[in-house]
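Enquirer: Following this message is one structure expressed as structure tokens.
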Amino acid sequence: METSYANDIKEIKVDENSPLFDKTNLFYKEFPSDFRQIRYFTLLIVQSAPLEIKEINLLEQQISEIIKNAVKHGNHCNPEKKVRVWYSFSPTHAHLIVEDEGEGFRDLEKWNDFNRKRLECLAEQNYEELGILWSFRTLKSDDIDGGNALFAALEYWNGGLVYNNRRNCVAILKTYPQRRHGISIEDAEEEA
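The sequence shown begins at 87 in this note's numbering and counts up by one.
This is the structure in structure tokens:
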């Protein structure tokens with residue numbers, strides 16, 4: 087395995103002092119932990135995102151998954167417990183902070199180790215062992231759990247995925263490239 091690849095493996099971090107937890111100028115919504123309404127809650131948030139960053143519903147899917155985790159795993163679908171969401175969208179970013187009232191993501195380090203092994207097997211083309219690492223499961227996992235949404239989330243939220251110290255609040259950032267219209271001076275010189 088190449089050492090540079092090992093250094094490129096993304097991990098979920100724990101750092102409540104991360105700038106991603108800055109709530110300045112973020113909008114705020116609070117929801118009961120009602121599993122049946124996750125899509126509705128997600129749409130209330132995503133509706134304020136500019137069209138150019140919605141990426142054929144990828145943004146909606148990722149936000150829905152984060153809210154679902156808070157409702158299901160954090161608050162155990164207890165409608166008395168709230169999910170709090172702070173968010174901001176622009177053509178260049180999507181920034182969210184999602185907090186539940188649960189005990190927190192206690193298996194975070196185990197998940198990071200699992201993901202690291204999975205990615206190393208993929209890089210080494212060790213498909214036999216990769217077949218064993220297809221789903222992250224804990225004693226609390228049910229039949230449809232597997233930690234697999236976190237694999238996609240870690241890739242999607244390219245500006246970071248960070249938990250607070252209690253691990254019941256996650257801050258996430260997706261950055262989008264600036265769209266340039268027209269021809270730049272550099273492009274025109276290259277064509278000449």
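Built from N, CA and C at the ideal position, the CB exists for glycine as well.
1. Quick check on Ala-156: buried or exposed, where buried means 16 or more other Cβ atoms within 10 Å of its Cβ?
2. Measuring straight from C-alpha to C-alpha, what distance separates Glu-102 and Val-248?
3. Please state whether DSSP places His-162 in a helix, a strand or coil.
4. How long is the line joining the alpha carbons of Gly-246 and Arg-204, rounded to whole angstroms?
5. Closest by CA to Trp-220, which one among Asn-234, Asn-212, Leu-259?
6. Ser-227 and Asn-161: beta carbons closer than 8 Å?
7. Please tell me whether Thr-178 and Thr-110 are closer than 8 Å, where the distance is taken between their beta carbons.
8. Assuming Ala-257 and Phe-107 form a contact by the criterion Cβ under 8 Å, report the distance between their Cβ atoms to the nearest whole angstrom.
9. Which term fits Pro-211, buried or exposed, when burial requires 16 or more other beta carbons within 10 angstroms of its beta carbon?
10. Mapping DSSP to helix, strand and coil, what is Leu-259?
Expert: This is what the structure gives:
1. Within the sequence shown, the letter at position 70 stands for residue 156. The residue is buried, with at least 16 neighbouring Cβ atoms inside 10 Å.
2. Position 16 of the sequence shown holds residue 102. Position 162 of the sequence shown holds residue 248. Taking the straight line joining both Cα atoms gives about 8 Å.
3. Within the sequence shown, the letter at position 76 stands for residue 162. His-162 falls in the coil class under three-state DSSP.
4. Walking along the sequence shown from the start, residue 246 turns up at place 160. Walking along the sequence shown from the start, residue 204 turns up at place 118. Looking at the two C-alpha atoms, the distance is approximately 20 Å.
5. Here residue 220 corresponds to residue number 134 of the sequence shown, with the count starting at 1. Ranking Asn-234, Asn-212, Leu-259 by Cα distance to Trp-220 puts Asn-234 first.
6. Along the sequence shown, read from residue 1 onward, the residue named residue 227 stands at position 141. Along the sequence shown, read from residue 1 onward, the residue named residue 161 stands at position 75. No; because the gap between Cβ atoms is not below 8 Å, this pair is not in contact.
7. Stepping through the sequence shown from its first residue, residue 178 is reached at position 92. Stepping through the sequence shown from its first residue, residue 110 is reached at position 24. No, these two residues do not count as a Cβ contact at 8 Å.
8. Your numbering for residue 257 matches position 171 in the sequence shown. Your numbering for residue 107 matches position 21 in the sequence shown. Correct: roughly 5 Å between the Cβ atoms.
9. Within the sequence shown, residue 211 is the residue found at index 125, counting from 1. Sequence check: residue 211 is Gln here, not Pro. Answer is exposed; the Cβ neighbour count stays below 16.
10. Within the sequence shown, the letter at position 173 stands for residue 259. Three-state result, Leu-259: strand.
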